Amino acid sequence: DVKVTQSSRYLVKRTGEKVFLECVQDMDHENMFWYRQDPGLGLRLIYFSYDVKMKEKGDIPEGYSVSREKKERFSLILESASTNQTSMYLCASAGGHKEKLFFGSGTQLSVL
Amino acid sequence: AQRVTQPEKLLSVFKGAPVELKCNYSYSGSPELFWYVQYSRQRLQLLLRHISRESIKGFTADLNKGETSFHLKKPFAQEEDSAMYYCALREYGNKLVFGAGTILRVKS
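Protein chains in written order, with this note's numbering: chain A, 3 to 114; chain B, 17 to 124.
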């Protein structure tokens, strides 16, 4: 079974802090994604990556950046956390073109 | 822009009753649609995709291009069906656009 692991289940940070959310997958998938999940808004794509060192903006990239130095790891970075970035963050990966997404268990981030 | 609309935030039904979770989409090309499900304390996972034309856990969904809909149906709800359900549309490649989600609550 594909394993997508997010390093933290819960995270509490202060406004202005730099925050790193880590995601690792163990199935050699090319494609990795970061979504945020908010009640009433569903899942919104922040960034995705088709390959190492490649990244593309999703629908809501403002205030975020990403890093993919190794195929199995995709990091989401909040350069200066703000309270409106309090959310559940979901990482996902997928194999080849048009394959289904496998999701991590999520990181609930609270920015105070 | 592509959109997926799930008009109901919450759908509450009794066990044994039929279920229909609504999903409407807007897409200029030939759409590919999915239903994802998240049970309590579990990961979001794929339930079914329209191209497979399959029934999973008793659920089916038919793509209606005329009505631009992809409603999820089950004839007899079970308590274990209680979950959050997301309809999703493939924009391109592996990029999916998700709806806002519908919570299904099955009461005994």
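Glycine included, every Cβ here is placed at the ideal spot set by N, Cα and C. Keep in mind that this is a model prediction, so the values were computed, not measured.
Query, Result
"Alpha carbon of ASN110 of chain B to alpha carbon of LYS31 of chain B, nearest angstrom", "35 Å"
"Check whether TRP36 of chain A and TYR49 of chain A have beta carbons under 9 Å apart", "yes"
"Three-state class that DSSP yields for GLN87 of chain A in the structure shown", "helix"
"Interface partners of LEU88 of chain B on chain A, CB under 8 Å", "Under the 8 Å cutoff, chain A gives no residues; its nearest Cβ is about 15 Å from LEU88 of chain B."
"Pair within 9 Å by beta-carbon distance, LEU120 of chain B and VAL20 of chain B", "no"
"Nonlocal neighbours in the same chain, by C-beta distance under 8 Å from ARG16 of chain A, ignoring five residues either side", "ALA83, VAL113 and LEU114"
"Unbroken stretches of the beta strand (DSSP E), 3 residues or longer, contained in the region 49-103 of chain A", "66-72, 75-80 and 89-96"
"Pairwise C-alpha distance: GLU19 of chain A and VAL208 of chain B", "Residue 208 of chain B lies beyond the stretch modelled for chain B, which goes from 17 to 124, so this question has no answer here."
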